[in-house]
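In what follows, a structure is listed as structure tokens, so that the remarks can point back to it.
There are 2 protein chains.
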Amino acid sequence: MIIAAARELAEAEGWEAVTIRRLAERIEYSQPVLYSHFKGKDAIMAAVAVEGCADLAVDLRTARTSTPDARRAVAEVSTAYIRFADRRPALYDAMFGQKLDLPFATPQAPAVLQAGFAELAEAIRPHAGSDDLGLLTETFWAALHGLVTLTRGGRTPREQHDRRLALLLARFTH
Amino acid sequence: MIIAAARELAEAEGWEAVTIRRLAERIEYSQPVLYSHFKGKDAIMAAVAVEGCADLAVDLRTARTSTPDARRAVAEVSTAYIRFADRRPALYDAMFGQKLDLPFATPQAPAVLQAGFAELAEAIRPHAGSDDLGLLTETFWAALHGLVTLTRGGRTPREQHDRRLALLLARFTH
DNA sequence: ACCTCGTTCCTAGCAACGCTAGATACGGAG
DNA sequence: CTCCGTATCTAGCGTTGCTAGGAACGAGGT
Chain X
0 MIIAAARELA EAEGWEAVTI RRLAERIEYS QPVLYSHFKG KDAIMAAVAV EGCADLAVDL
60 RTARTSTPDA RRAVAEVSTA YIRFADRRPA LYDAMFGQKL DLPFATPQAP AVLQAGFAEL
120 AEAIRPHAGS DDLGLLTETF WAALHGLVTL TRGGRTPREQ HDRRLALLLA RFTH
Chain Y
0 MIIAAARELA EAEGWEAVTI RRLAERIEYS QPVLYSHFKG KDAIMAAVAV EGCADLAVDL
60 RTARTSTPDA RRAVAEVSTA YIRFADRRPA LYDAMFGQKL DLPFATPQAP AVLQAGFAEL
120 AEAIRPHAGS DDLGLLTETF WAALHGLVTL TRGGRTPREQ HDRRLALLLA RFTH
């Protein structure tokens, strides 16, 4: 209930509107109850983020397996990634925007997280050449993440988002 | 005084430690005085961010003009960018991390901001080929920004940062 | 039937936050 | 000597994350 309420509220009004008091009110318990389930607000956000990772992994997988063409697959995965960030800004924010004490690039990372990364890696693999797949995937991921955050923050005009993505893809596929 | 105090405090303890009360205490005035100079905390952060943009532009310029070799120039500019983000995390955060009501990719954008972007663009220009220089610069910038934020947020291990940058450069220069 | 005990939940409160209303001190202009 | 705009203050509002301490309640033993 707590996670669901936090997610709904965040997606509806943004994370700054998510307060312990409002969550408590919404689930019809008092505030201290939340602290007996989570260490604090950050832990609740982390839980929502993990849910979000699972969703993203699903999106990426269906995008990647939607076509046998290796070049189109990367494009599909990329647009799926960007679309996810675009349609679920609060979720994306919890996952990749904030400080978040989740183990990420380590074996203890949540499985859903590794699954999403693996989808990206599989899409990239045909274009890796002799480069290290893991590192290349991280680099490509960073580029996607940068496009998303700069556009979202208003640093980069939204209009030509597609053309920027095309430029990126042109440099990462061959 | 306000901007200087905010910047020092942010660089020393991070933005979450920067409160109006502490700033007021540090400059030895009462809190309302700050509100007669800035509309609110966000405006103070924006002012610090503009200062940071000027600093970054200087760093990028000296990096770009440090070598006549076009390929090395991009590399120098990139490492300068990353180093700036690494050594002044709070400043970088104010500039590109937060919501920030500054005009960015418009003619009204602060001159210092456009100056920094122009340095990036000049470094990229020799490798643009037939691509639109502005869009390509934005894309490259996004990739750098992604590398910075993912590493900073712990999403990507810091160790092989250099190799990731090398991969990125290999794809953006030719 | 009664007492005990762990669990679950609540009311109440702390310290800190961003921000604002209203009052006060002070200097130059008439 | 008065007036008035400016600069500054004290005090306080409403909100935040989080916690201390106590009340209610069901299971288990005597």
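Heads up: the protein sequence lines correspond to chains X and Y, in order.
The numbers in numbering that gives the first Met the number 0 rise by one with no breaks, and the one at position 109 of the first sequence is 108.
The numbers in numbering that gives the first Met the number 0 rise by one with no breaks, and the one at position 46 of the second sequence is 45.
Note that beta-carbon positions come from the ideal geometry of N, C-alpha and C, so glycine has one too.
Using three-state DSSP, classify residue i as helix, strand or coil.
{"i": "proline 88 of chain X", "result": "helix"}
{"i": "glycine 51 of chain X", "result": "helix"}
{"i": "threonine 172 of chain Y", "result": "coil"}
{"i": "serine 65 of chain Y", "result": "coil"}
{"i": "glycine 128 of chain Y", "result": "coil"}
{"i": "glutamate 137 of chain X", "result": "helix"}
{"i": "glutamine 44 of chain X", "result": "First, the residue type needs correcting, since residue 44 of chain X is methionine and not glutamine in the sequence shown. It is helical."}
{"i": "phenylalanine 103 of chain Y", "result": "coil"}
{"i": "glutamate 27 of chain X", "result": "coil"}
{"i": "glutamate 158 of chain Y", "result": "coil"}
{"i": "glutamine 97 of chain X", "result": "coil"}
{"i": "threonine 18 of chain Y", "result": "coil"}
{"i": "alanine 108 of chain Y", "result": "coil"}
{"i": "phenylalanine 37 of chain X", "result": "coil"}
{"i": "glycine 13 of chain Y", "result": "coil"}
{"i": "glycine 153 of chain X", "result": "coil"}
Expressed to the nearest angstrom, what Euclidean distance is found between the alpha-carbon atoms of residue i and residue j?
{"i": "arginine 20 of chain X", "j": "serine 35 of chain X", "result": "14 angstroms"}
{"i": "aspartate 100 of chain Y", "j": "isoleucine 43 of chain Y", "result": "11 angstroms"}
{"i": "arginine 170 of chain Y", "j": "aspartate 161 of chain X", "result": "19 angstroms"}
{"i": "isoleucine 81 of chain X", "j": "alanine 122 of chain X", "result": "15 angstroms"}
{"i": "proline 22 of chain X", "j": "alanine 5 of chain X", "result": "Residue identity differs from the one stated: residue 22 of chain X is leucine in this sequence, not proline. Spanning the two alpha carbons is a distance of roughly 7 angstroms."}
{"i": "glutamate 7 of chain X", "j": "phenylalanine 37 of chain X", "result": "18 angstroms"}
{"i": "aspartate 47 of chain X", "j": "glutamate 15 of chain X", "result": "The sequence given here places valine at residue 47 of chain X; aspartate does not occur at that position. Distance between the alpha carbons of valine 47 of chain X and glutamate 15 of chain X is about 15 angstroms."}
{"i": "glutamate 118 of chain X", "j": "serine 77 of chain X", "result": "11 angstroms"}
{"i": "methionine 94 of chain Y", "j": "arginine 63 of chain X", "result": "35 angstroms"}
{"i": "alanine 142 of chain Y", "j": "arginine 154 of chain X", "result": "13 angstroms"}
{"i": "alanine 9 of chain Y", "j": "isoleucine 26 of chain Y", "result": "15 angstroms"}
{"i": "valine 32 of chain Y", "j": "glutamate 24 of chain Y", "result": "11 angstroms"}
{"i": "proline 106 of chain Y", "j": "glutamine 113 of chain Y", "result": "9 angstroms"}
{"i": "threonine 174 of chain Y", "j": "alanine 79 of chain Y", "result": "Any property of residue 174 of chain Y remains undetermined from this structure, which presents chain Y solely from 0 to 173."}
{"i": "glutamine 30 of chain Y", "j": "serine 29 of chain X", "result": "34 angstroms"}
Residues in its own chain within less than 6 angstroms of residue i by CB, not counting five upstream and five downstream?
{"i": "alanine 74 of chain X", "result": "Leu168"}
{"i": "threonine 136 of chain Y", "result": "Leu119, Ala120, Ile123"}
{"i": "proline 109 of chain Y", "result": "Val49"}
Measuring CA to CA, which of the options is closest to residue i?
{"i": "alanine 69 of chain Y", "options": "Y/Ala141, Y/Val49, Y/Ala4, Y/His126", "result": "Y/His126"}
{"i": "proline 102 of chain Y", "options": "X/Leu149, X/Arg6, X/Ala142, X/Ala122", "result": "X/Leu149"}
{"i": "glutamine 159 of chain Y", "options": "X/Ala46, X/Thr18, X/Leu134", "result": "X/Leu134"}
{"i": "glycine 13 of chain X", "options": "X/Pro88, X/Ala120, X/Glu27", "result": "X/Pro88"}
{"i": "phenylalanine 139 of chain Y", "options": "X/Arg25, X/Gly145, X/Ala108", "result": "X/Gly145"}
{"i": "glutamine 97 of chain Y", "options": "Y/Glu118, Y/Lys40, Y/His173, Y/Val32", "result": "Y/Lys40"}
{"i": "alanine 11 of chain X", "options": "X/Ile26, X/Arg86, X/Asp131", "result": "X/Arg86"}
{"i": "glycine 128 of chain X", "options": "X/Ser29, X/Gly152, X/Ile2, X/His173", "result": "X/His173"}
{"i": "leucine 166 of chain X", "options": "Y/Asp131, Y/Arg151, Y/Arg157, Y/Gly152", "result": "Y/Asp131"}
{"i": "isoleucine 2 of chain X", "options": "X/Tyr28, X/Ala45, X/Gln30", "result": "X/Ala45"}
{"i": "alanine 104 of chain Y", "options": "X/Ser29, X/Ala79, X/Gly152", "result": "X/Gly152"}
Might you give, ordered along the chain, the residues of its own chain that have their beta carbon closer than 7 angstroms to the beta carbon of residue i, omitting 5 neighbours on each side?
{"i": "glycine 115 of chain Y", "result": "Cys52, Leu55, Ala56, Leu59"}
{"i": "valine 111 of chain Y", "result": "Val49, Cys52, Ala53, Ala56"}
{"i": "arginine 83 of chain Y", "result": "Sequence inspection shows phenylalanine at residue 83 of chain Y; the arginine mentioned does not correspond to that position. These residues qualify, in order along the chain: Leu55, Asp58, Tyr91."}
{"i": "methionine 0 of chain Y", "result": "Ile26"}
{"i": "valine 17 of chain X", "result": "Ala5, Leu8, Ala9"}
{"i": "arginine 157 of chain Y", "result": "Thr150"}
Excluding the five sequence neighbours on either side, which residues of its own chain have a C-beta within less than 8 angstroms of the C-beta of residue i, listed in chain order?
{"i": "threonine 66 of chain X", "result": "Ala72, Glu75"}
{"i": "arginine 163 of chain X", "result": "Leu146, Thr155"}
Any heavy atom of the ligand ATP closer than 7 angstroms to the beta-carbon of residue i?
{"i": "serine 129 of chain X", "result": "Of the ligands one can find in the structure shown there are none, so the ligand ATP has no counterpart to examine."}
Give the residues from the region 72-83 of chain X that approach chain Y closer than 8 angstroms (Cβ to any Cβ), ordered along the chain.
none
Anything in the region 4-31 of chain Y with a Cβ closer than 8 angstroms to a Cβ of chain X? List those residues in chain order, please.
none
Any C-beta of chain X within less than 9 angstroms: which residues of the region 152-163 of chain Y qualify?
Gly152, Gly153, Arg154, Thr155, Pro156, Gln159, Arg162, Arg163
Chain-ordered residues of the region 121-134 of chain X with a beta carbon less than 7 angstroms from chain Y
Asp130, Leu134
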